[in-house]
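Trainee: Numbering (this note's numbering), first residue to last: 55 to 177.
Think of the CB as a built atom: it goes at the ideal place given N, C-alpha and C, for glycine as much as any other residue.
Got a structure here, written out as C-alpha cells. Questions coming.
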Amino acid sequence: MEEFEALKQRADGVGAVKYSAAKSCNTGATHSSVESMAILLDMAHERFADAVNKECGLMKEVMQLIDLAPMSIGRVVLSRRYLLGQSITELAEELDISISYAHRARNKAMKELAAILEKQTAA
55 MEEFEALKQR ADGVGAVKYS AAKSCNTGAT HSSVESMAIL LDMAHERFAD
105 AVNKECGLMK EVMQLIDLAP MSIGRVVLSR RYLLGQSITE LAEELDISIS
155 YAHRARNKAM KELAAILEKQ TAA
C-alpha cells in the first residue's frame, strides 16, 4: 500500500511538472525545460511499468495458488474474488448462490489450500 501511495505522489508530481512544462511551452520556454519534462515523464513511465510488472507477478502467484485448489465451487469463488476482484455479493449473484454459501465455499477452499501447502512444505 505504501508503494501505491508513493507512486501516486510521484504521478501527482509528474502531473504538476507536465502542467508547468506545457505552460512554459506556450510562453516560449527554452528547449531544456521541455527536455527536462520528457526525462521526468520517462522516469515516471519506468516506475509505473515496474509497479505493473510487480503486480503481474503477484497475480501469477495467486493464480498458481488457486490452481492448487480442488475443482469445486470454492475454487470458482476464489478465482472470481481474488483474480477478478469481485465482491462476495457480486460473485454470489452471478453464480446464483447465497452470500453465506459463497463465504462457506471460500473458507472451505482456503482451508483445503492451507492443507495442500502444509503438505508441500513438510515434504
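Tell me where the alpha helix (DSSP H) around Ser-126 begins and ends.
Mentor: By 1-based counting over the sequence shown, the position of residue 126 is 72. Element bounds for Ser-126: n/a, residue is neither H nor E.
Trainee: From Leu-137 to Gln-174, what distance separates their C-alpha atoms?
Mentor: As a working note, residue 137 is residue 83 in the sequence shown. As a working note, residue 174 is residue 120 in the sequence shown. Between Leu-137 and Gln-174, the alpha-carbon positions lie close to 23 Å from each other.
Trainee: Does the distance from the CB of Ala-163 to the CB of Ile-153 come in under 8 Å?
Mentor: Stepping through the sequence shown from its first residue, residue 163 is reached at position 109. Stepping through the sequence shown from its first residue, residue 153 is reached at position 99. In this structure, Ile-153 does not lie closer than 8 Å to Ala-163 by Cβ.
Trainee: Looking at the structure shown, is Lys-162 part of a helix, part of a strand, or coil, going by DSSP?
Mentor: Residue 162 sits at position 108 when you count from the first residue of the sequence shown. In this structure, Lys-162 counts as helix in the three-state DSSP scheme.
Trainee: For the pair the region 154 to 161 and the region 125 to 133, tell me if three or more CB-CB distances fall below 8 Å.
Mentor: Contact holds: three or more Cβ-Cβ distances are below 8 Å.
Trainee: For a test of the three-state rule: what should DSSP assign to Thr-81, helix, strand or coil?
Mentor: Locating residue 81 in the sequence shown gives position 27, counting from the first residue. A caution first: Thr-81 carries a pLDDT of 49, below 50, which makes its placement in the model too unreliable to give a value.
Trainee: DSSP on Ile-32, reduced to helix/strand/coil?
Mentor: Here the chain covers residues 55 to 177 and nothing more, so residue 32 does not appear.
Trainee: Report all residues from its chain with a CB closer than 6 Å to the CB of Ile-170; omit the five preceding and five following residues, and keep chain order.
Mentor: To locate residue 170, count along the sequence shown from 1; it is residue 116. Beyond the five residues adjoining it in sequence on each side, Ile-170 comes within less than 6 Å, by CB distance, of Leu-122 in the same chain, given in chain order.
Trainee: Take the Cβ of Lys-165 as the centre, count every other Cβ of all protein chains shown within 10 Å, and call the residue buried at 16 or more, exposed below.
Mentor: Position 111 of the sequence shown, counting from 1, holds the residue named residue 165. With fewer than 16 other Cβ atoms within 10 Å, it is exposed.
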